[in-house]
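Here's the structure we're looking at; comments come further down.
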Amino acid sequence: MIAPTIQFGLETEIGISSDVEGEVDVVAESIALVRSATEPGVWMCWDYNCEDPHVDMRGFRVHELRQDTDEANYYAQDAARELSFVEIKSDLVLGNGARFYNDHAHPEYCTPECRTLDELVAHDRAGERILMACARHLSEQRGVAVRLYKNNTDFCGHSYGCHENYLLPRSLPWETLAQGIQAFLVTRQIFAGAGKFAVETEDKFLSQGFQISQRSDFFCELQSVDTMQRRPIINTRDEPHANPKRFRRFHVILGDANMSPFTTRLKVGTTALVLEALVLDPRRTYPLLADPLPALTAISRDPKFRWEIALDGGRTSTALAMQRAYLSAVRDVCDLSVPSKATLVSEWEAVLNDLETDVMRCRDRLDWVAKLGLVRDFQRAQKLSDDDPWLQSLDLEYHRLDMSEGLYYGLEQSGAFLGVPDEGTVR
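Here's what the structure looks like:
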């Protein structure tokens, strides 16, 4: 079988705050930020005609989504605003093919469909630059600072997403896809996580403490078409944005927003390779987790980074072993004579080896390791306790979209990160 060309893209919701007097209306702030995008080549012309989030990959259409009630409440609140629905949504198509719009209380930047990881990383970074330019413009216009954060939580039990999309041939049966990819998605957080100094649940902060993923606290179902309430590990929305007879769009919602381009490449690239292996050899079997939902949080919160998990059938294993099983499958099935794929597989294996030896060896590549090292260094220097609020403040500032203020960018500019693309490719 000829290897499929799997296109991919990212949708990233951004946290926003400002120094306006009184209570901040984050919806108004998000609308204003998006509407400040006035560069040439910006059109408010998104077409909703082919969208139906109620259609399920399992062969039916749900009558109601859990988030429909929230959506109705948002519409009722927005009716009191002076702007029209179109103006509130401010659904822009940018000159680079990206989508930029107000998603409730968050500005959201969606990359165009990409065929290569270099292209994806460049578009993701371009989105950061566009967001920063909009924040500067709005701050200057108002005389009040507007701050943006590429993260996934407010530390109060509210999460916003960084979703991935993969365009696949519909010939791959849904159950084969869902069953084959499940253990990979649950365990890939060991390199794809952004790290978080908090333990949360839906609508509630539970405790301090470090974990490797920002999103793993917020999942309650194995499979579901919903994305905002009782989120599933496997999202079953069937909305391909392409010929539905030929393609399906695999919509991944459990990933973190990454600052490190290396992490973004590894997260999306390995997922695309595993999907390619599933298409090329749908009969191959993969390990199944005994209970994926507890495994998701247990891996994220394991303070010793052993990442032990129970498998279906009573055996135990580790997240590292699961990743090595998928790596082996990719080596067996995919054509690694393509240089970009061979490089990605080598980087994947090197990261797994380093995580097994000493996680801090990945400080120059992975977000969660870099953040942990940065915050622990500061904590030791300042003699702070594990429950000091400074730790969460540093966590948040790691994700600040500001080249002069964001802690990630400080590390990057010091040469502490590998895999940073040339700025010329971003522009």
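Heads up, the sequence shown is in our numbering, so the first residue is 51 and it goes up one at a time. The beta carbon of each residue, even a glycine, is placed where N, CA and C say it ideally should be. Nothing here was measured: the structure is a model prediction, and the numbers come from that model.
Answer with buried or exposed for residue 281, where buried requires no fewer than 16 other C-beta atoms within 10 angstroms of its C-beta. In the sequence shown, the residue the question calls residue 281 occupies position 231. By the neighbour-count rule (16 or more Cβ atoms within 10 Å), residue 281 is buried.
So if DSSP puts residue 68 in a beta bridge, which residue, or which two residues, is it bridged to? For the purposes of this step, residue 68 is identified with residue 18 of the sequence shown, where counting begins at 1. Its beta-bridge partners are 196.
Terminal residues of the beta strand (DSSP E) in which residue 382 lies: Within the sequence shown, numbered from 1, the residue matching residue 382 stands at position 332. Element bounds for residue 382: not the beta strand (DSSP E) but the alpha helix (DSSP H), 369-383.
Residue 89 lies in the beta strand (DSSP E); which residues open and close that run? Within the sequence shown, numbered from 1, the residue matching residue 89 stands at position 39. Note, residue 89: premise wrong, no beta strand (DSSP E); not H, not E.
If you check the beta carbons only, do residue 468 and residue 415 fall under 9 Å apart? Residue mapping note: residue 468 aligns to position 418 of the sequence shown, counting from 1. Residue mapping note: residue 415 aligns to position 365 of the sequence shown, counting from 1. Yes, the Cβ-Cβ distance between residue 468 and residue 415 is below 9 Å.
Is residue 395 helix, strand or coil when you go by DSSP? Numbered from its first residue, the sequence shown carries residue 395 at position 345. Helix at residue 395.
Alpha-carbon spacing of residue 200 relative to residue 63, whole angstroms: Walking along the sequence shown from the start, residue 200 turns up at place 150. Walking along the sequence shown from the start, residue 63 turns up at place 13. CA-to-CA, the gap between residue 200 and residue 63 works out to about 7 Å.
Leaving out five residues on either side along the sequence, give the residues of the same chain with a beta carbon under 6 Å from the beta carbon of residue 83. As a working note, residue 83 is residue 33 in the sequence shown. If we look at residue 83 and ignore the five residues flanking it on each side, its Cβ neighbours are 157, 184, 188.
Bridge partners of residue 217, per DSSP? In the sequence shown, the residue the question calls residue 217 occupies position 167. For residue 217, the pairing in a beta bridge is given by DSSP as 57, 299.
In whole angstroms, give me the CA-to-CA distance for residue 316 and residue 174. Here residue 316 refers to the residue found at position 266 when the sequence shown is read from its first residue. Here residue 174 refers to the residue found at position 124 when the sequence shown is read from its first residue. Their Cα atoms are separated by approximately 14 Å.
According to DSSP, residues forming a beta bridge with residue 132: In the sequence shown, the residue the question calls residue 132 occupies position 82. Residue 132 pairs with nothing; no bridge assigned.
With DSSP as the reference, identify every bridge partner of residue 19, one or two as the case may be. What the structure shows of the chain is the stretch from 51 to 477, and residue 19 is not part of that stretch, so it cannot be assessed.
Excluding sequence positions up to five away, which residues of its chain have a Cβ less than 8 Å from the Cβ of residue 294? For the purposes of this step, residue 294 is taken as the residue at position 244 of the sequence shown. By the criterion of a C-beta distance shorter than 8 Å, residue 294 is surrounded in its chain by 220, 288, once the five residues flanking it on both sides are discounted.
By alpha-carbon positions, which one of 228, 444, 462 ends up nearest to residue 301? Start at 1 with the first residue of the sequence shown, and residue 301 comes out as number 251. Check the Cα spacing between residue 301 and each of 228, 444, 462: the tightest is with 228.
State the Cα-Cα distance for the pair residue 71 and residue 193, rounded to the nearest angstrom. Position 21 of the sequence shown, counted from the start, is the residue given in the question as residue 71. Position 143 of the sequence shown, counted from the start, is the residue given in the question as residue 193. Cα to Cα, the separation comes out at about 12 Å.
Residue 137 (DSSP reduced to helix, strand or coil): For the purposes of this step, residue 137 is taken as residue 87 along the sequence shown, with counting starting at 1. Three-state DSSP puts residue 137 in a helix.
What three-state label does DSSP hand residue 248 in the structure shown? Translated into the one-based positions of the sequence shown, residue 248 becomes position 198. Reduced to three states, the DSSP call for residue 248 is strand.
By a C-beta neighbour count over all protein chains shown, 10 Å radius and 16 as the cutoff for buried, is residue 68 buried or exposed? Along the sequence shown, one-based indexing puts residue 68 at 18. Burial call: buried.
Beta-carbon within less than 6 Å of residue 248's beta-carbon, same chain only, minus the 5 sequence neighbours each way: which residues are those? Indexing the sequence shown from 1 puts residue 248 at position 198. The answer, listed in chain order, is 205.
Check the DSSP bridge columns for residue 169 and list the partner residues they point to. On the sequence shown, position 119 is the one that residue 169 refers to. None, per the DSSP bridge assignment.
Would you identify the three-state DSSP class for residue 428, choosing helix, strand or coil? Against the sequence shown, residue 428 aligns to sequence position 378. In this structure, residue 428 counts as helix in the three-state DSSP scheme.
One or two residues paired with residue 93 in a DSSP bridge: Taking the first residue of the sequence shown as 1, we reach residue 93 at position 43. DSSP output for residue 93 lists 143 as bridge partner(s).
Skipping 5 residues on each side, what residues in its chain have a beta carbon closer than 6 Å to that of residue 224? As a position in the sequence shown, residue 224 is number 174, starting the count at 1. Here residue 224 has 107 as same chain residues with Cβ atoms under 6 Å from its own Cβ, once five neighbours each way along the sequence are excluded.
Beta carbon of residue 376, beta carbon of residue 329: below 9 Å? Within the sequence shown, the letter at position 326 stands for residue 376. Within the sequence shown, the letter at position 279 stands for residue 329. Between residue 376 and residue 329, the C-beta gap is not smaller than 9 Å, which leaves the two residues out of contact.
Is residue 385 close to the ligand NAP? I mean its beta-carbon at under 8 Å from any heavy atom of the ligand. Looking at this structure, you won't find the ligand NAP or any other ligand, since it has none at all.
Quick one: is residue 191 buried, meaning 16 or more other Cβ sit within 10 Å of its Cβ, or exposed? Here residue 191 is taken as the residue at index 141 of the sequence shown, counted from 1. When all chains shown are included, residue 191 counts as exposed.
Extent of the continuous beta strand (DSSP E) to which residue 360 belongs: Mapped onto the sequence shown, residue 360 falls at position 310. 358-360 is the extent of the beta strand (DSSP E) around residue 360.
From residue 458 to residue 314, what does the alpha carbon distance come to, in whole angstroms? Against the sequence shown, residue 458 aligns to sequence position 408. Against the sequence shown, residue 314 aligns to sequence position 264. Their backbone Cα atoms lie some 14 Å apart in a straight line.
Can you give me the Cβ contacts of residue 259 inside the same chain, cut-off strictly under 8 Å, excluding the 5 residues immediately before and after it? Counted from its first residue, the sequence shown places residue 259 at position 209. For residue 259, same chain residues with a beta-carbon under 8 Å away, outside a window of 5 residues either side, are 247, 248, 249, 351, 353, 436 in chain order.
Considering only residues of the same chain and omitting the five flanking positions on each side of residue 346, which have a CB-CB separation below 7 Å? The count along the sequence shown starts at 1 and reaches residue 346 at position 296. Non-local C-beta neighbours of residue 346 in its own chain, meaning closer than 7 Å and more than five positions away in sequence, comprise 236, 266, 269, 283, ordered along the chain.
For residue 419, which residues of its own chain have a beta-carbon under 7 Å away from its beta-carbon, when the five flanking residues on both sides are left out? Reading the sequence shown from its first residue, position 369 is the one you call residue 419. Sequence-distant Cβ neighbours of residue 419 in its own chain, meaning closer than 7 Å and more than five residues away, are 409, 410, 412, 413.
Check this for me: beta carbons of residue 244 and residue 421, under 9 Å apart or not? Here the question's residue 244 lines up with position 194 in the sequence shown. Here the question's residue 421 lines up with position 371 in the sequence shown. For the pair residue 244 and residue 421, the CB atoms are nearer than the 9 Å cut-off.
In the DSSP assignment, the beta strand (DSSP E) including residue 254 goes from what residue to what residue? Counted from its first residue, the sequence shown places residue 254 at position 204. Run containing residue 254: 254-261, per the beta strand (DSSP E) assignment.
Please report the Cβ distance between residue 96 and residue 151, rounded to the nearest whole angstrom; I am assuming they are in contact, meaning their Cβ atoms lie under 8 Å. Within the sequence shown, residue 96 is the residue found at index 46, counting from 1. Within the sequence shown, residue 151 is the residue found at index 101, counting from 1. The pair is a contact, with the Cβ atoms about 7 Å apart (cut-off 8 Å).
Residue closest to residue 143, alpha-carbon to alpha-carbon, out of 89, 254, 195: Numbered from 1 along the sequence shown, position 93 holds the residue referred to as residue 143. It is 89 whose Cα lies nearest to the Cα of residue 143.
Consult DSSP for residue 279 and reduce its assignment to one of helix, strand or coil. Your numbering for residue 279 matches position 229 in the sequence shown. Coil at residue 279, not helix or strand.
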